[in-house]
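Sequential numbering from 596 applies to the sequence shown in this note's numbering.
We treat Cβ as the ideally placed atom computed from N, Cα and C, and that holds for glycine.
Notes follow the structure.
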Amino acid sequence: MLDLVIESRTAAISESMKVQRILPFRQRRMVGPFIFMDHAGPVTNLPANPQSLDVLPHPHIGLSTVSYLFGGQVTHRDSLGVQQIIRPGEVNWMTAGSGISHSERFEDPAALTGGLEMIQTWVALPEKDEESSPEFDNYSADRLPVFTDKGIWMRLIAGEAYGLRNDVKTKSPLFYLHVLLEQGARFGLPKEHSERAFYIVNGSVEVSGVKYSKGQMLVFTKGVDPLITALETSTLMLLGGEPLGDRYIWWNFVSSRKERIEQAKEDWKQGRIILPPNDNHEFVPLPDDSSKPAGGPPRPEPLS
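This is the structure in structure tokens:
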């Protein structure tokens, strides 16, 4: 049966960038290893100062950030010295492990004129990998398999589903797909994984006679195989996998241990998580624990 419908909420990740936040949700913090999901854009009216969209350097531990664009482009810089432009159809997969900082800059206004739109998810790491060395990989679109059928187009972003797999390096069993459905197309979720959900990027679908629309995530219990019917041309993001167990999440930090979150806070305040060497003139300070300041990078509330 349908376990839960999550309604996205508006949040700010920089001075001018608003997003729809889907995960974490108080009634459902994770789907498989996915612990965070933001939908940014489409941004069609650029601010007078496009740099106000930028997400300044900020830290992460205990997770992988996964960035996927539908339109526009973003420049990623991190404390490993990586500088990478991500374009639509590509995947930026950054594993924070023991600690990394990065920025996301929108430096080419001409590349944003068609509309900036992106999804960022965070994938929690298994306990054995939480203190692994940070890593970064970019995967071009031609490395991500595409499957088509009547009225259906889908790209496997990561993991394994429907018999598809790719070489995106993951730390635990999961699936993550970009799916386009034409009006009237019917589609089902992959059956290989115990926790499954889909998010409606745009359009609307019907499940068990009920209509669901843009900005909603549907989460399903194990063993249920819903039939999804597109009521119009629709874009979905499918995700899930195997659960990793409870996680603490505060600001940009994820860990199986609460004390590790406290250590990460102090590490950022004391500069022990270094800034990107090619973007180190500004950064997001640690938020006050009792407040939720405006601006800065994606910030889940202190849920634990």
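Q. Given 8 angstroms as the limit, is there contact between the stretch 791-798 and the stretch 823-834, that is, 3 or more CB pairs closer than that?
A. Because the criterion of three Cβ pairs below 8 angstroms is met, the stretch 791-798 and the stretch 823-834 touch.
Q. From Val879 to Leu675, what does the alpha carbon distance come to, in whole angstroms?
A. 18 angstroms
Q. For Pro821 versus Ser850, is the C-beta spacing smaller than 8 angstroms?
A. Contact flag unset, no.
Q | Segments of 4+ residues assigned as alpha helix (DSSP H) that fall wholly inside the stretch 701-725 | A | 704-707
**Q.** C-alpha distance - Gln865 paired with Leu651, whole-angstrom precision
**A.** 18 angstroms
Q | Residues sharing a beta bridge with Ala756, DSSP | A | In the DSSP secondary-structure assignment, Ala756 is bridged to Leu759.
Q.
Can you tell me whether Arg842 is helix, strand or coil according to DSSP?
A. coil
Q | Cβ pair Ile608, Leu618 closer than 8 angstroms | A | Cβ distance not < 8 angstroms, so Ile608 and Leu618 don't count as in contact.
Q: Name the residue from Pro645, Arg781, Lys817, Thr765 whose alpha carbon lies nearest to the alpha carbon of Val718.
A: The option with the nearest alpha carbon to Val718 is Thr765.
**Q.** alpha helix (DSSP H) segment containing Arg855, residue limits
**A.** 853-864
Q | Three-state class that DSSP yields for Leu648 in the structure shown | A | helix
Q: Report yes or no: do three or more beta-carbon pairs, one from the stretch 741-752 and one from the stretch 768-782, lie closer than 8 angstroms?
A: yes
Q: Taking all protein chains shown into account, decide if Met632 is buried (16 or more other Cβ within 10 angstroms of its Cβ) or exposed.
A: buried
(Q) On a Cα-Cα basis, can you pick out the residue from Glu755, Arg616, Ile681, Ile747 that is closest to Ser767? (A) Among Glu755, Arg616, Ile681, Ile747, the Cα nearest to that of Ser767 belongs to Glu755.
Q: Could you tell me which residues DSSP pairs with Asp633 in its beta bridges?
A: Arg616, Gln715
Q. Say the cut is 7 angstroms; is the CB of Arg867 nearer than that to a heavy atom of the ligand FMN?
A. For the structure depicted, the ligand FMN is absent and the ligand set is empty, with no information on it obtainable.
Q: State the DSSP-derived secondary structure class of Pro897, mapped to helix, strand or coil.
A: Any reading at Pro897 needs caution, since the residue's pLDDT is 36, under 50, leaving its predicted position unreliable; the model's value is listed next. Coil at Pro897, not helix or strand.
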